[in-house]
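Working notes, structure below.
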Amino acid sequence: MHRKLRVATDEFGGAEHHGDSVRKRRISLLDIGLDSNFDAAMSFIQSTLSNINIHYGEPVVDIDFVRTRDPETVLTAFTASCDVLHVMAHGDYVAASPTFSSSDEKTNISLEQLGEAAAERGRGISTGAILADGCKTGTGAWQKAVSDCLHGDVTYIGTSAQVGWYESTVFCSAFYSALLRNKGKGITPAEQAQDAAKRAQEAYTMLTDRSCPYKVMTLSPSRWAKRAFGLAV
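Mapped onto the UniProt record's numbering, the consecutive letters of the sequence shown carry residue numbers 1 to 233.
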């Protein structure tokens, strides 16, 4: 399944902002979890994006939504240019390689295999931010595996603990609200995402009285990725 939604969003504040110039964002939502809980979480995120006040005269965010088991479709979604690549799946390991897995364990997308397939195409992950919305995706092993897939520097948001529907919806609603309130002038997509993620961390702690399991960091292409994608070493 692959749907493209064009959703108009706005800063909170009403019609007086119509004349302001806002850079259009592209958000890629990729569901590899493939069960009712992941479906509900993705539906919530799409609703959140759709319901941030619609007062601009033109859409300011494009949403690409992909739910699939097909490795080629996953690779295409991973390497498409966007501002945020949001992957929702189980964080797992297959043969010691960090892996996005479905609930029924029939779909496993290894980051090692993803990096190798991307290298064959000569194009890695090209986005401002990656939100790896699964359990324990912020570990050192995940960071290293993601770095092997990168075409450039990104803001990486991974988790340090088990997360479920509740944790995801609390963090993501705050993250996207903060991201889309920022007009995007004078800073890169990665910087915008990092600022939004830090605000979402604070909001999560304030709302739940618990430490936020979502961690934010900057990742750069590894030496392997630079060679694979023809980047300056």
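Note that CB positions come from ideal geometry on N, CA and C, so glycine has one too.
- Sequence-distant Cβ neighbours of C82 in its own chain, meaning closer than 6 angstroms and more than five residues away, are R26, S28, T127.
- Measuring C-alpha to C-alpha distances from V74 to each of A117, D62, S50, H90 identifies A117 as the nearest.
- Measuring C-alpha to C-alpha distances from S97 to each of A178, E120, W142, D153 identifies W142 as the nearest.
- Residue pairing by DSSP places P98 opposite Y93 in a beta bridge.
- Under the three-state reduction of DSSP, A232 is assigned to coil, being neither helix nor strand.
- By the C-beta density criterion, D209 is exposed, having fewer than 16 other C-beta atoms within 10 angstroms.
- In this chain, the beta strand (DSSP E) harbouring T218 covers 214-219.
- Ranking H151, A193, Y214, A161 by CA distance to the CA of L231 puts H151 first.
- Looking from the CA of I125, the closest CA among K136, T137, L111 belongs to L111.
- DSSP places G33 in the coil class of the three-state scheme, outside both helix and strand.
- Per DSSP, R210 lies in no beta strand (DSSP E) and is assigned neither H nor E.
- In this structure, DSSP gives S81 a state outside helix and strand, which the three-state scheme calls coil.
- Excluding five sequence positions before and after C172, the CB atoms of its chain that fall closer than 6 angstroms to its own CB belong to I45, given in chain order.
- G124 carries a coil assignment under DSSP once its states are collapsed to helix, strand and coil.
- Within its own chain, the residues whose Cβ lies closer than 8 angstroms to the Cβ of F229, once the five positions on either side in sequence are excluded, are A118, A119, G122, R123, G124, H151, P221, listed in chain order.
- About 14 angstroms separates the Cβ atoms of G138 and F100, ruling out a contact at the 8 angstroms cut-off.
- Where S147 is concerned, the enclosing alpha helix (DSSP H) starts and stops at 140-147.
- For S110, there is no enclosing alpha helix (DSSP H); the residue is part of the beta strand (DSSP E) that begins and ends at 108-110.
- Close CB contacts of K226 within its chain, under the 6 angstroms cut and outside five residues either way in sequence, are with V233 (chain order).
- Scanning T169, V170, D195 for the CA closest to the CA of R181 turns up D195.
- Annotated three-state conformation of A129 is strand, per DSSP.
- Here S211 is exposed, its C-beta having fewer than 16 other C-beta atoms within 10 Å.
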